[in-house]
């Protein structure tokens with residue numbers, strides 16, 4: 102009986118921390134703003150965490166990677182050129198050791 106109670110407490114604790122981690126990730130992503138949306142030449146991204154190396158990837162709606170960069174994030178912001186993209190809907194992914202952000206944007 103003690104083993105079952107201990108196991109239940111461990112599982113509940115793991116579940117609680119997993120849910121909290123997911124909430125923290127979602128709240129940091131909500132703070133990130135992408136504008137203008139729709140965009141023509143450049144998209145501005147605000148609310149990022151500064152880091153030495155971030156992977157910036159733009160994919161189309163089929164999941165094909167169209168553009169990839171490795172940049173340093175300074176002043177919690179990025180300016181990403183999109184003038185060479187065809188009009189459409191895209192997914193912007195920014196990955197670093199500090200955060201992972203996924204945002205949709207429209208290119209006019």
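In the numbering used here, the protein residues as written are 102 to 209. C-beta atoms are modelled at their ideal positions from N, C-alpha and C, and glycine is treated no differently.
With distances taken from CA atoms, which of the options is nearest residue i?
i           : options               : result
residue 151 : 164, 207, 201 and 209 : 201
residue 184 : 143, 131, 135 and 134 : 143
residue 179 : 154, 198 and 147      : 147
Shorter than 7 Å, the distance from the beta carbon of residue i to the closest heavy atom of the ligand PLP, or not?
i           : result
residue 162 : For the ligand PLP, the structure offers nothing, since it holds no ligand at all.
Beta-carbon within less than 8 Å of residue i's beta-carbon, same chain only, minus the 5 sequence neighbours each way: which residues are those?
i           : result
residue 169 : 156, 157, 158 and 159
Just to confirm my understanding: we take residue i, look at its own chain, exclude 5 residues before and 5 after, and list those with CB closer than 7 Å. What are they?
i           : result
residue 167 : 159, 160, 161 and 186
residue 204 : 133, 135 and 193
residue 123 : Note that residue 123 scores 47 on pLDDT, short of 50, meaning its location in the model is unreliable; the coordinates nonetheless yield the value given after this. Contacts found: none.
In its own chain, which residues sit with a C-beta less than 6 Å from the C-beta of residue i, not counting the 5 before and 5 after it?
i           : result
residue 209 : 139, 141 and 188
residue 174 : 149, 151, 152 and 155
What does DSSP give as the partner residues of residue i in its beta bridges?
i           : result
residue 197 : Answer is none; residue 197 lacks a bridge partner.
residue 176 : The partner list for residue 176 (beta bridge, DSSP) is empty, contrary to what the question assumes.
residue 192 : 160 and 205
8 Å is my cut-off, CB to CB: does residue i come that close to chain C?
i           : result
residue 148 : Of the protein chains in the structure, only one exists, and it is not chain C.
(request) Could you tell me which uninterrupted beta strand (DSSP E) segments, each at least 3 residues in length, are contained entirely in the segment 127-168, listed from first to last along the chain? (result) 134-136, 143-147 and 152-161
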